[in-house]
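What follows is one structure encoded as structure tokens, with my remarks underneath.
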Amino acid sequence: MVIPQTEFHQRRVRFLEALGGAAAVIPAAPLVRHHADVEYPFRQQSDFWYLTGFDEPGAVALFLPHQSDNPFVLFVEPRDPSAEVWNGFRWGCEGAVEHFGADLAHPRAELASRLADYLQGAEGIAFRVGRDAVVEPLVLQAWGQQLDRAPRTGHAALGLVAPCPILKDMRLRKSPAELERLREAARISAEAHERAREVARPGLSERQIQAVIEQHFLEQGARGPAYGSIVAGGDNACVLHYTRNDAPLRDGDLLLIDAGCSVSDYYNGDITRTFPVNGRFSGEQRALYELVLEAQLAAIASVAPGADAEQVHGAALRVLVEGLLHLGLLNGSVDDLIEQGAYRHLYMHRTGHWLGLDVHDVGAYRLGEHPQPLEPGMVLTVEPGLYVSDRLAVPEGQPQIEERWKGIGIRIEDDVAVTEVGHEVLTASALKAPAAMER
Ligand code: GLY
Ligand code: MN
Ligand code: MN
742 MVIPQTEFHQ RRVRFLEALG GAAAVIPAAP LVRHHADVEY PFRQQSDFWY
792 LTGFDEPGAV ALFLPHQSDN PFVLFVEPRD PSAEVWNGFR WGCEGAVEHF
842 GADLAHPRAE LASRLADYLQ GAEGIAFRVG RDAVVEPLVL QAWGQQLDRA
892 PRTGHAALGL VAPCPILKDM RLRKSPAELE RLREAARISA EAHERAREVA
942 RPGLSERQIQ AVIEQHFLEQ GARGPAYGSI VAGGDNACVL HYTRNDAPLR
992 DGDLLLIDAG CSVSDYYNGD ITRTFPVNGR FSGEQRALYE LVLEAQLAAI
1042 ASVAPGADAE QVHGAALRVL VEGLLHLGLL NGSVDDLIEQ GAYRHLYMHR
1092 TGHWLGLDVH DVGAYRLGEH PQPLEPGMVL TVEPGLYVSD RLAVPEGQPQ
1142 IEERWKGIGI RIEDDVAVTE VGHEVLTASA LKAPAAMER
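Residues in the sequence shown are numbered consecutively from 742, following this note's numbering.
This is how it looks when you write it as structure tokens:
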């Protein structure tokens, strides 16, 4: 079941409370030109979606704590048969009120003339600068007008504040309904990985595997990929954001797939699996696979209330560095290698990120000097990897890499929710035991 309107309403109540006396202006995403007069598929802005559940471009939401009878105002594209015959149904102003709980709704074209009046009486204006080149000048203009009028009206909003700290905090802690949606995104994403492994074999192309994955997303009712699917055979897996996906799969190579879907209300899955194209690990591939898996399991085991993302990263890193020492791919002591970062030519990214409406979701990782402690309802990815190639120089004092290791790129990524007692691996149905990766 999708997030119900009652939950969107509760979010707005909490947001209005947290704003104190400031009025917030939250724009929807615009349509973005792809080429000529063709646009990219529409993707709603996540904060706007989180507060409204309204999935049309160009709208603007006002949250007006100083106007307690009508605190939620939407500006939307009005109904227009001649536009809808080209681009489809719009809810219009009536729909915004009846279906999305707006107290008042106006045509989007009236924002410029109405904004200053709506903001009158607010103690501040909460607006994220630097993101919306159309709405930002209107907000600044309305604020300027208030300041001009202040001698006669007796008050003006004195500060421009950022709404994002409030929204980041709210979005970081997922409700039971949000966790359900993340489980659904995880289920579909995990099934797609299982299908991909069933069909992959030498001679197919990365693109054909991408097609299998993304077909499954669509068949299951997801919007599509949450991000550009990474389907990377052999050495391509050492390019962290590889999305060309146009090479043939070769006998003897590994295949790394980092793909997840975005469900109808935008919650995302983000899974990586790595397996041998021909169904059998080589000795080197197996050694590194088992090491990444051991690191990932150690990192997942550390996810619990009160721990933090630094500790999760640290747990994975320690296992990786110990294993690389054992395999002769690093020299020295574990603590010195970690301290000096002398492993970064083999492991150059962090072990995870928050996951939610954005794949790299909002939420602080640090609160000043301290890491953000994990709390029940937070969801993060756990995704250690190893990438052996010539792209980065081997640090001084570290062993040159023998050819037999090169071209091996491995990442294993799961989506993990923090629970009251520990954690829940949302993506557990995507297998990862070494034996399951072989056939
Ligand atoms: N696919 C992006 C990530 O894993 O963070
Ligand atoms: Mn990923
Ligand atoms: Mn990720």
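Idealized CB from N, CA, C, for every residue including glycine. As the structure is a prediction and not an experimental result, all values here were calculated from the model.
Per DSSP, the bridge partner or partners of I1149: Here residue 1149 corresponds to residue number 408 of the sequence shown, with the count starting at 1. V1129.
Neighbour-count burial assignment, V1053, 16 or more Cβ in a 10 Å radius: The residue given as residue 1053 occupies position 312 in the sequence shown. Its Cβ being crowded by 16 or more others within 10 Å, V1053 is buried.
Of the residues D1049, A1083, E1051, the one placed nearest L1065, counting alpha carbons only: Taking the sequence shown and counting its residues from 1, one reaches residue 1065 at position 324. If we check each option's Cα against that of L1065, A1083 comes out closest.
Straight-line Cα distance separating Q785 from R1181: Only positions 742 to 1180 of the chain appear in the structure, and residue 1181 is not among them; the question remains open.
Cα-Cα separation, Q1139 to I929: Translated into positions along the sequence shown, residue 1139 becomes position 398. Translated into positions along the sequence shown, residue 929 becomes position 188. Cα to Cα, Q1139 sits roughly 42 Å from I929.
Distance between beta carbons of T1015 and I1153, contact taken as under 8 Å: For the purposes of this step, residue 1153 is taken as the residue at position 412 of the sequence shown. For the purposes of this step, residue 1015 is taken as the residue at position 274 of the sequence shown. Yes, I1153 and T1015 are in contact; Cβ-Cβ is about 7 Å, under 8 Å.
D1076 CB to nearest heavy atom of ligand 2 below 6 Å: As a working note, residue 1076 is residue 335 in the sequence shown. The answer is no for D1076.
D1011 beta carbon near ligand 5 (any heavy atom closer than 6 Å): Of the ligands one can find in the structure shown, namely ligand 1, ligand 2 and ligand 3, none is ligand 5.
Given I919 as reference, the closest of N828, P819, A759, L1098 once Cα atoms are compared: By one-based count along the sequence shown, residue 919 stands at place 178. Here residue 919 turns out to be Glu, not Ile, going by the sequence shown. Here the closest residue by C-alpha is L1098.
Helix, strand or coil at E1054 [DSSP, three-state]: The sequence position of residue 1054 within the sequence shown is 313, counting from 1. Before going further, note that residue 1054 is His rather than Glu in the sequence given. Three-state DSSP puts H1054 in a helix.
E1080: CB within 6 Å of a non-hydrogen atom of ligand 2: Numbered from its first residue, the sequence shown carries residue 1080 at position 339. False, no ligand heavy atom lies under 6 Å from that Cβ.
Length of the line joining the Cα atoms of G865 and H847: Sequence index remark: in the sequence shown, residue 865 carries index 124 (1-based). Sequence index remark: in the sequence shown, residue 847 carries index 106 (1-based). Those two C-alpha atoms are separated by around 23 Å.
Same chain, Cβ closer than 6 Å to R964, five either side skipped, listed in chain order: In the sequence shown, counting from the first residue as 1, residue 964 sits at position 223. Cβ neighbours of R964 beyond the five flanking positions: S1003.
Range covered by the beta strand (DSSP E) that runs through H1185: Any property of residue 1185 remains undetermined from this structure, which presents the chain solely from 742 to 1180.
Top-ranked residue by Cα proximity to Y1007, from F958, I1151, E939, R936: Working through the sequence shown from its first residue, we reach residue 1007 at position 266. Ranking the options by Cα distance to Y1007, first place goes to F958.
First and last residue of the uninterrupted beta strand (DSSP E) at T1015: Translated into the one-based positions of the sequence shown, residue 1015 becomes position 274. Segment 1012–1017, the beta strand (DSSP E) holding T1015.
Closest Cα partner of E925 within the set G1001, Q949, S854, R855: Counted from its first residue, the sequence shown places residue 925 at position 184. Here the closest residue by C-alpha is G1001.
Helix, strand or coil at E1137 [DSSP, three-state]: Here the question's residue 1137 lines up with position 396 in the sequence shown. Residue state, collapsed to three classes: coil.
Endpoints, the beta strand (DSSP E) within which G900 is located: Here residue 900 refers to the residue found at position 159 when the sequence shown is read from its first residue. Per DSSP, G900 belongs to the beta strand (DSSP E) from 900–902.
Own chain partners of E955 with C-beta closer than 7 Å, once the 5 adjacent residues on each side are dropped: Along the sequence shown, read from residue 1 onward, the residue named residue 955 stands at position 214. G965, P966, S970.
Proximity below 7 Å, CB of D992 to CB of P943: Position 251 of the sequence shown holds residue 992. Position 202 of the sequence shown holds residue 943. A contact, by the Cβ cut-off of 7 Å.
Beta-carbon proximity of Y968 to V1100, cut-off 7 Å: To locate residue 968, count along the sequence shown from 1; it is residue 227. To locate residue 1100, count along the sequence shown from 1; it is residue 359. Going by C-beta atoms, Y968 is nearer than 7 Å to V1100.
Residue range of the unbroken beta strand (DSSP E) whose run includes H957: Along the sequence shown, one-based indexing puts residue 957 at 216. Premise fails: H957 lies in the alpha helix (DSSP H), 947–960, not in any beta strand (DSSP E).
Beta bridge counterpart(s) of D999 as assigned by DSSP: Start at 1 with the first residue of the sequence shown, and residue 999 comes out as number 258. D999 pairs with I971, T1013.
Cross-strand partners of G965 (DSSP beta bridge): Position 224 of the sequence shown, counted from the start, is the residue given in the question as residue 965. BP columns for G965 point to S1003.
Reduced DSSP category for R1059 - H, G, I as helix; E, B as strand; rest coil: On the sequence shown, position 318 is the one that residue 1059 refers to. DSSP places R1059 in helix when its eight states are reduced to three.
Beta-carbon proximity of P878 to A765, cut-off 7 Å: Here the question's residue 878 lines up with position 137 in the sequence shown. Here the question's residue 765 lines up with position 24 in the sequence shown. No, Cβ-Cβ distance for P878 and A765 is not below 7 Å.
Whether L997 touches A1036 by CB criterion (7 Å): For the purposes of this step, residue 997 is taken as the residue at position 256 of the sequence shown. For the purposes of this step, residue 1036 is taken as the residue at position 295 of the sequence shown. Contact flag unset, no.
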